[in-house]
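In the UniProt record's numbering, the protein residues as written are 1 to 434. Structure first, then comments.
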């Protein structure tokens, strides 16, 4: 397949007929993307978050990305790489590969997206687009399976043989052997490597060999296919997924099969699917930023009691006949012997008007309710990626001018290209011990 790769950032736009670094986007490309949007909005029926428009929306003569990053590939052969829009503190614009490497580093912290456990292992930060990086991640999982041994399982086989083995199938026996009574049409089980799990992997490898344009990936795929030469390709992929049976001894297949589901059935972390797209793997940047910061806080502040997605406090103690309602769930709660710091992450480059009012209300509720439950809350913090348009600031709510125990909401940013661990220590440890 001809290698046509276009790289844009969050909220970037693609127009039919436009040229992007030597790659022309055709009218057919845009039509396929818009069909994908229409299919997604038709298939998804659970309201707001399922709408394709949250990931990609139609505009005049083109489409526009939202705050989801990853990769899309149309059937006409256009690969669209969507990178996060990350600003550096020193203002210098970063090359695509710098942004890609940082994104993959952040992605490595992700353990769960929308209820699906996913290990971002075998991350390769080579100078290649995300589509080929994700292929290499799948190949890494397959390599682990090959090293641990391919699964064999008892598979039901129907054969017309010269001897009876297993169960005689009377209907087929009459159809095929009414004249030749020396043969037996029977069903029996054989211990074979040609099980659904291996067939799904073989089918995925064959598919990726056709669509990958990276020489190293193609070489690895050909090498791995040699280990699956006794495994047949699946023609009914959906049926293959339904027949998966993994016992405890074959849990090492789990991640590879999840990749197969993403690649073959187009079941990405986002709740959409459509027949007009060859491949789609998109990630919500707000979840990635939260996971990355939370993971670094947990590692950097290992001497503290760090709770992620804390669920101990409710907004109301009573609600009608219910004892409590509206559970609060701050992203990060840091507790020492005496004080508590509460933080939420927000993937948004702040403009001059600052944080959203609803976010400040949320932080005020955190401070108030945790104090009600006996915790000495030192401060609550909103953490954003770096913005040159809004300086770090503090909001105070005091009962009077002499009050030193009021609500303190801090707005802070992290320069993701800088020493993030050091910034976290400065933000939490220094002030936490004052």
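The C-beta atom is built at its ideal place from N, Cα and C for all residues, glycine as well.
With respect to the C-alpha of residue 146, the residue from 58, 132 and 229 having the closest C-alpha is 229. DSSP places residue 298 in the uninterrupted alpha helix (DSSP H) bounded by 285 to 300. For the pair of segments examined, the segment 216 to 233 was found not to touch the segment 92 to 107: the number of CB pairs separated by less than 8 Å stays below three. Here residue 38 carries a helix assignment [DSSP, helix/strand/coil]. In this structure, DSSP gives residue 312 a state outside helix and strand, which the three-state scheme calls coil. Under the DSSP assignment, residue 385 falls in the beta strand (DSSP E) whose first and last residues are 377 to 385.
Taking the Cα positions, residue 384 is about 6 Å away from residue 348. Beta-carbon to beta-carbon, residue 194 and residue 237 are separated by about 16 Å, too far to satisfy the 8 Å threshold. About 4 Å separates the beta carbons of residue 310 and residue 333, which is inside the 8 Å limit, making them a contact pair.
For the 8 Å CB-CB criterion, residue 83 and residue 69 form a contact. For the options 55, 18, 26 and 233, the alpha carbon positioned closest to that of residue 36 is the one of 55. Residues 214 of the same chain have their beta carbon placed closer than 7 Å to that of residue 128, with the five preceding and five following residues left out of the count. The residues 331, 345 and 347, in chain order, have a CB closer than 8 Å to that of residue 290 in the same chain once the five nearest residues on each side in sequence are set aside. Assignment of beta-bridge partners to residue 353 by DSSP yields no partner.
The beta carbon of residue 144 lies closer than 7 Å to those of 252 in the same chain, with the five residues before and after it left out. Residue 230 sits in coil when the DSSP states are folded into three classes, being neither helix nor strand.
Judged by DSSP in its simplified three-state form, residue 264 adopts helix. CA-CA distance, residue 285 to residue 172, rounds to 56 Å. DSSP places residue 395 in the uninterrupted beta strand (DSSP E) bounded by 393 to 397. With fewer than 16 other CB atoms across the displayed protein chains lying within 10 angstroms of its CB, residue 394 is exposed. Between residue 71 and residue 104, the CB-CB gap reaches or exceeds 8 Å. Remark: three or more beta-carbon pairs, one from each stretch, lie closer than 8 Å, so the segment 407 to 425 and the segment 368 to 387 are flagged as touching. If you look at residue 344, you'll find it isn't in any alpha helix (DSSP H); it sits in the beta strand (DSSP E) that goes 340 to 345. Within the same chain, 208, 212 and 217 come within 6 Å of residue 135 by CB-CB distance, once the 5 residues on both sides are set aside.
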